[in-house]
Every structure is written in structure tokens, then in C-alpha cells.
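Enquirer:
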Amino acid sequence: MISFSDVSKRYPGGQESLTEVTFTLEPGEFAFVAGRSGAGKSTLLKLIPAIERPSSGIVLVNGQNVGALRRAALPYLRRNLGLVFQDQKLLYDRSVFDNVALPLAFSDHSPREAARRARAALDKVGLLGRERANPVQLSGGEQQRLAIARAVVNRPATLVADEPTANLDAESARAILQIFFAFNQVGVTVLIATHDEALLEGCARRVLRLAGGHLLS
Amino acid sequence: MRTWLRHHWQALALALSKLLAHKPATLLNAIVIGVALALPASGYTLLANLLGVTQRFAPQPQLSLFLRLETTRPELDAVRARLRADARIAAVRFVSRDQALKGLRATEGLADVAAALGQNPLPDAYVVRAHDLAPDALDALASDLRKIPGVAHVQLDSAWARRLAAIAATGRIATGLLAALLAVGLIAVTFNTIRLQILTHAEEIEVSRLIGATDGYIARPFYYLGLLQGVAGGLVALAILWLAIAVLNLGVQDLADSYGSAFRLTLLGAGDACAMIGFAGLLGWLGAYLSVSKHLRQIS
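Chains C and H, in that order, are what the protein sequence lines are.
The opening position of the first sequence corresponds to residue 567 in my numbering, with each subsequent residue numbered one higher.
The opening position of the second sequence corresponds to residue 287 in my numbering, with each subsequent residue numbered one higher.
#1: Taking the alpha-carbon positions, what's the residue 712/C to residue 666/C distance?
#2: Across which residues does DSSP place residue 609/C in a beta bridge pair?
#3: Could you check the C-alpha separation between residue 558/H and residue 422/H for me, to the nearest Å?
#4: Exposed or buried, what is residue 304/H when buried is set at 16 or more other beta-carbons lying within 10 Å of its beta-carbon?
#5: Please state the DSSP three-state secondary structure of residue 753/C.
#6: Out of 524/H, 493/H, 563/H, 529/H, point me to the one whose CA is closest to residue 644/C's CA.
#7: For a contact meaning CB atoms closer than 7 Å, what does residue 452/H contact in chain C?
#8: Is the Cβ-Cβ distance between residue 648/C and residue 725/C less than 8 Å?
#9: How far does the alpha helix (DSSP H) with residue 289/H in it reach, from first residue to last?
#10: Indicate the three-state DSSP secondary structure (helix, strand or coil) for residue 724/C in the structure shown.
#11: Does DSSP put residue 708/C in a helix, in a strand, or in coil?
#12: At the 8 Å Cβ level, is residue 711/C part of the contact set with chain H, yes or no?
#13: Residues in the same chain with beta-carbon distance under 8 Å from residue 596/H, minus the five sequence neighbours each way, listed in chain order, please.
#14: Could you tell me the boundaries of the beta strand (DSSP E) in which residue 624/C lies?
#15: How many angstroms separate the CA atom of residue 657/C from the CA atom of residue 316/H?
#16: Please name the residue in 569/C, 610/C, 587/C whose C-alpha comes closest to that of residue 782/C.
#17: Just reading off the alpha helix (DSSP H) that residue 581/H is part of, what are its end residues?
#18: Would DSSP call residue 589/C helix, strand or coil?
#19: Closest to residue 652/C by C-alpha separation, out of 741/C, 609/C, 573/C, 780/C, would be which residue?
#20: Using a Cβ-Cβ cut-off of 6 Å (strictly less than) and excluding sequence neighbours within five positions of residue 513/H, which residues of its own chain qualify?
#21: Does the Cβ of residue 564/H have 16 or more other Cβ atoms within 10 Å, making it buried, or fewer, making it exposed?
#22: Run through DSSP, which three-state label would residue 441/H get?
#23: At 7 Å on the CB atoms, spell out the chain C contacts of residue 503/H, in chain order.
#24: Using the beta-carbon of each residue, which ones in chain H are nearer than 7 Å to residue 655/C?
#25: By DSSP, does residue 631/C sit in helix, in strand, or in coil?
#26: Please give the ranges of any beta strand (DSSP E) in the stretch 360-404 of chain H, keeping only runs that are unbroken, at least 3 residues long and fully inside the region.
#27: Could you tell me which residues DSSP pairs with residue 760/C in its beta bridges?
#28: Could you check what DSSP says for residue 572/C in three-state terms: helix, strand or coil?
#29: Could you tell me whether the Cβ of residue 669/C comes closer than 8 Å to any Cβ of chain H?
#30: Quick one: list the residues of chain H neighbouring residue 641/C, beta-carbon separation under 7 Å, in chain order.
#31: Under the three-state reduction of DSSP, which class applies to residue 352/H: helix, strand or coil?
#32: Based on the DSSP secondary-structure assignment, which residues constitute the bridge partners of residue 649/C?
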């Protein structure tokens with residue numbers, strides 16, 4: 567479960583990116599965070615894995631107040647979250663397989679189990695068979711799917727994705743969204759930030775709408 | 287435990303692969319560190335060789351106990367018993383006044399002086415060799431021996447031992463200072479190498495952190511990199527030392543032969559060589575630790 571209670575975030579310099587945001591995301595729920603650029607979507611998502619800390623208010627992730635977590639505890643929080651970044655953050659000097667297997671390298675899995683999980687994650691996003699390719703050889707949509715495979719390889723209970731369909735054509739964007747729906751159907755909580763209103767059309771899902779750092783609904 | 291060991295093994299393998307992937311840079315770094323280490327190591331080796339040869343050729347420091355002229359036989363025996371009972375004394379040799387005079391007569395240039403003497407003016411004496419040849423121990427022993435009844439004078443020739451100890455101490459201090467200075471250099475070299483490695487892998491470090499890698503996991507390969515770099519430098523230093531001693535021995539051989547000696551400079555013992563390589567590895571690790579502590583924090 568993810569819960570925000572009166573959460574505000576001010577960056578150094580005084581700019582307030584979020585103002586008293588309150589919402590709760592139940593386990594297994596699927597929700598979008600929508601709004602224009604600069605509305606505070608990325609900031610909201612960064613507060614969940616404690617990439618940013620709230621200036622005030624409380625962010626709870628699975629009962630943990632992430633704003634109060636010590637630095638040493640952050641890796642263990644992040645291993646239980648699947649994170650898809652706006653810029654994907656793929657390693658272009660490594661193969662597709664190595665990118666997906668990266669989160670397993672610092673977990674307790676044996677190399678054999680890690681390889682099995684990595685292949686399973688690639689299979690789920692339709693990239694099995696491209697393990698040895700370099701990420702630069704993949705299309706934009708495939709790179710996004712690779713980022714999703716890396717996010718789910720640890721089988722997290724929550725997926726948090728920041729603009730996963732940005733820079734993709736409508737068809738690729740729909741395909742990416744279907745992957746998230748598929749994970750949600752097996753019980754994974756999903757929170758996706760998007761500025762693409764067209765993407766929300768036809769998706770009967772909860773939308774947290776942000777404008778100027780304020781949650782509208 | 288198994289996971290912990292696997293992570294360490296992975297970090298070591300990663301560090302090794304990084305070193306092997308950039309062979310020229312690795313070799314250059316090892317040479318820089320090796321030269322820096324070879325200087326104090328050479329000083330230490332030469333000092334050890336010189337002390338060895340000095341102790342081999344220099345006479346053992348002895349204490350001469352001159353007894354009073356009127357000493358009787360029972361008093362002589364009592365002094366001998368006291369000396370033999372002292373655990374600090376390794377050997378006791380008696381030199382009678384007649385033997386001493388005979389020695390004087392046999393000494394070149396002093397035969398005439400001995401012949402001119404009406405009667406033997408020399409006393410009986412004991413020549414004592416101590417277990418502990420340290421100047422302070424010899425002084426203490428001499429002081430105690432002076433208190434034995436019947437002993438007129440105790441002569442201790444420890445000046446050479448003091449000089450040797452002073453030279454050795456100065457040599458050790460100079461070698462230590464040089465080692466400390468160059469150790470700082472070694473740490474600086476490793477610090478900079480690791481800094482560059484961290485900057486090169488900044489993106490990977492950032493991504494790893496975001497998806498759940500601990501700082502320890504991220505830092506470990508860099509620690510091993512510093513350690514391995516130091517060890518490689520230590521091995522290069524040993525090679526330089528071995529080469530230098532081989533070349534120096536060409537000259538030493540002629541010099542020693544002219545004295546009828548088989549003396550040759552010897553390399554560090556296995557223990558000292560391992561200690562030097564270990565020390566180099568430790569300094570490399572320290573340089574890496576300082577660099578990682580400073581630069582990892584800057585990547586977030």
C-alpha cells in the first residue's frame with residue numbers, strides 16, 4: 567500500500583513542487599498520475615522510493631515511513647519496488663540480459679536462479695531471444711519494455727513508472743500499457759505518471775490529477 | 287554467508303577484469319607504485335645486508351674483568367663461580383697474568399717493553415661474553431660485575447656496538463621516512479585511479495543505487511581494484527629489487543673476492559617480501575577506500 571498524507575516537497579531555492587498531497591493506493595490497484603509538464607508528477611513518483619524526501623507530510627510504502635528511512639535502509643525499500651524511469655536508465659555498455667539481471671546481482675539469488683528469472687522477465691515483455699543484443703540495437707518501444715523487464719525481475723509488489731510511453735507512437739504506447747495491465751491482473755500495484763491524455767482515454771482506471779503541485783481529485 | 291562470499295568473489299572477478307581490460311594503464315600504474323615502493327625496500331634490503339656483514343666481521347663485544355694483583359686462588363674461584371652463575375653471561379674465559387705477559391711479549395712492537403719490566407705487572411683477568419649484546423644490557427652487566435669482590439676494573443668495549451646501533455637506527459628512520467613519504471604517494475596514485483574509475487562508471491553506479499544496490503556492493507569492486515593495484519605494484523617493486531641486487535652483486539662479487547669473502551647481497555626473505563606485497567595491497571585498499579568515500583557520495 568502507498569499512502570501520502572499532506573505531503574509537500576520544496577526544492578532548494580524555495581520552489582514548491584508538491585503541496586499537501588494526500589491519497590492512498592490500495593494493494594493491487596492501478597492508477598495514473600496525470601498532469602502537464604511541471605505539475606509535480608515525477609516528484610510524486612520519486613518520493614515513493616525515497617529518491618527525493620518530502621519537505622513535510624508522510625509517505626508510507628507498505629507501512630514504512632520512507633521519508634524517515636535511514637540511507638542504509640533505502641536499497642531494501644527499492645528492491646521491493648519496480649521502478650521504470652522517464653529516461654529508462656539502461657546501461658548501454660551491457661547486453662539486454664545483463665541489464666535485466668542487474669537487480670538480481672545484489673540480491674540473494676544464485677546465478678542459475680538469477681538467469682532463470684531474467685529470462686522469465688524478458689519473456690513477459692516479449693524480448694526473449696534478444697538477450698545478447700545491446701540496448702542501442704533496440705527500438706524505443708523495445709527499450710521501454712527492457713526497462714519494464716528490469717523493474718519486474720525481482721517480482722515486486724508495486725510498479726512505479728514515470729512516463730513509460732513518452733516518445734512512443736500510439737501503437738507502441740498501447741502495447742506498453744498492456745504489459746502494465748497484465749502485471750496488475752496478477753496482483754501487482756501499478757502507478758504510472760503520464761502527460762498523455764490520449765493514453766487515459768478508454769482506460770477505466772483511477773486518475774490522480776496534478777496541477778501546479780496540487781492534487782485536483 | 288554463501289551470498290556474502292559470492293558477492294566478494296564477483297567483486298574480485300570484476301576488479302580483475304577491469305585491470306585486464308586496460309592492460310597498458312594497469313601496467314603503468316603498477317610501475318609507478320613499484321618504483322615508489324622499490325626505493326624504501328632497497329634501502330631496507332641494503333641496510334639489512336650491511337648490518338649482517340658488519341656483525342659477521344666485527345668482534346663480539348667483550349667485558350674484561352681485571353682482578354686485584356693480590357688476589358688469592360680461593361678469591362679467583364669465587365669470582366669464577368659468580369660469573370658462571372649469572373644467566374646473562376654466555377661464556378667465561380680465564381687469562382692468567384702469565385698468559386697476559388706472554389701475549390704482550392708476542393705483540394709486535396711491545397716485546398722490548400715487556401722485556402724491560404722487572405716483574406709481571408699484569409693482573410689475572412676474566413674475559414666475559416654476554417648473551418645480550420645490546421649496549422644498554424652490556425652497560426648494566428658491567429656495572430654489576432664491578433661490584434664483585436676482588437674485581438679491580440671492568441673494561442667494556444661497546445663503542446663500536448653503540449655506533450653500529452646508531453647507524454642502524456638512523457638507517458631505519460631514513461628508510462621509514464622514505465617509506466611513509468612514498469606510501470602517501472601510492473595512496474594518492476590509487477586515489478586518483480579509483481576516482482577516474484568511479485567517474486567512468488558514474489551512470490552504472492547511479493542506476494545500481496536506484497534499483498537497490500547497497501553502497502557496500504557498489505564500493506566493493508573499487509576496494510578490490512585498489513588492493514590488486516597495490517599488490518601488482520608490490521610485485522613490480524620486488525622485481526625491481528631483484529634486478530637491482532643482481533646488478534649490484536656483479537660489483538660486490540669482485541670486492542668480496544678481493545677480501546677472500548663469499549659475501550653477496552641477498553634479496554628480502556620470503557616473510558619480508560610477503561609483508562611488502564601485503565603492505566602495498568593495504569595502501570592500495572586505503573587509497574581506494576578514501577576515494578570511494580569521497581566520490582561515491584557525489585554520485586546520487
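For each residue, glycine too, the CB sits at the ideal point set by N, CA and C.
Expert: So, from the listed chains and residues:
#1: Taking the first sequence and counting its residues from 1, one reaches residue 712/C at position 146. Taking the first sequence and counting its residues from 1, one reaches residue 666/C at position 100. Cα to Cα, residue 712/C sits roughly 7 Å from residue 666/C.
#2: Here the question's residue 609/C lines up with position 43 in the first sequence. In the DSSP output, where bridge partners are listed per residue, residue 609/C has none listed.
#3: Along the second sequence, one-based indexing puts residue 558/H at 272. Along the second sequence, one-based indexing puts residue 422/H at 136. Their backbone Cα atoms lie some 28 Å apart in a straight line.
#4: Counted from its first residue, the second sequence places residue 304/H at position 18. The residue in question, residue 304/H, is buried, as its Cβ has 16 or more Cβ neighbours within 10 Å.
#5: Along the first sequence, read from residue 1 onward, the residue named residue 753/C stands at position 187. Correct three-state label for residue 753/C: coil.
#6: Reading the first sequence from its first residue, position 78 is the one you call residue 644/C. Answer by Cα proximity: 493/H.
#7: Position 166 of the second sequence holds residue 452/H. Those do not exist, as residue 452/H stays about 53 Å from chain C at its closest Cβ, beyond 7 Å.
#8: Position 82 of the first sequence, counting from 1, holds the residue named residue 648/C. Position 159 of the first sequence, counting from 1, holds the residue named residue 725/C. Yes, Cβ-Cβ distance for residue 648/C and residue 725/C is below 8 Å.
#9: Here residue 289/H refers to the residue found at position 3 when the second sequence is read from its first residue. Per DSSP, residue 289/H belongs to the alpha helix (DSSP H) from 288-307.
#10: Your numbering for residue 724/C matches position 158 in the first sequence. Three-state result, residue 724/C: strand.
#11: Counting from 1 along the first sequence, the entry for residue 708/C is found at position 142. Of the three classes helix, strand and coil, the one that applies to residue 708/C here is helix, per DSSP.
#12: What you label residue 711/C is simply residue 145 of the first sequence in a count that begins at 1. Answer no: the Cβ-Cβ gap between residue 711/C and chain H never drops below 8 Å.
#13: The displayed coordinates of chain H run from 287 to 586. Any statement about residue 596/H would go beyond what the structure contains.
#14: Counting from one through the first sequence, the residue named residue 624/C turns up at place 58. Note, residue 624/C: beta strand (DSSP E), 622-627.
#15: Taking the first residue of the first sequence as position 1, residue 657/C is located at position 91. Taking the first residue of the second sequence as position 1, residue 316/H is located at position 30. Approximately 30 Å, taken between the alpha carbons.
#16: Here residue 782/C refers to the residue found at position 216 when the first sequence is read from its first residue. Residue 587/C is the option with its Cα nearest to residue 782/C.
#17: For the purposes of this step, residue 581/H is identified with residue 295 of the second sequence, where counting begins at 1. Element bounds for residue 581/H: 556-581.
#18: Mapped onto the first sequence, residue 589/C falls at position 23. Residue state, collapsed to three classes: strand.
#19: For the purposes of this step, residue 652/C is taken as the residue at position 86 of the first sequence. If we check each option's Cα against that of residue 652/C, 609/C comes out closest.
#20: By one-based count along the second sequence, residue 513/H stands at place 227. For residue 513/H, the CB contacts under 6 Å within the same chain, skipping 5 residues up- and downstream, are 567, 570, 571 in chain order.
#21: For this step, residue 564/H is matched to residue 278 along the second sequence. Result: exposed.
#22: Numbered from 1 along the second sequence, position 155 holds the residue referred to as residue 441/H. Three-state result, residue 441/H: strand.
#23: By 1-based counting over the second sequence, the position of residue 503/H is 217. Under the 7 Å cutoff, chain C gives 672.
#24: Against the first sequence, residue 655/C aligns to sequence position 89. Neighbours of residue 655/C on chain H, chain order: 493, 496.
#25: Within the first sequence, the letter at position 65 stands for residue 631/C. Three-state result, residue 631/C: strand.
#26: Taking only runs of at least 3 residues, the beta strand (DSSP E) segments lying wholly in the stretch 360-404 of chain H are 375-381.
#27: Within the first sequence, numbered from 1, the residue matching residue 760/C stands at position 194. Per DSSP, 600/C.
#28: In the first sequence, counting from the first residue as 1, residue 572/C sits at position 6. Strand at residue 572/C.
#29: On the first sequence, residue 669/C is found 103 positions in, with the first residue counted as 1. Cβ-Cβ to chain H under 8 Å: yes for residue 669/C.
#30: By one-based count along the first sequence, residue 641/C stands at place 75. The answer, in chain order, is 498, 499, 500.
#31: Counting from one through the second sequence, the residue named residue 352/H turns up at place 66. Residue 352/H falls in the strand class under three-state DSSP.
#32: By 1-based counting over the first sequence, the position of residue 649/C is 83. Looking at the DSSP output, residue 649/C bridges to 726/C.
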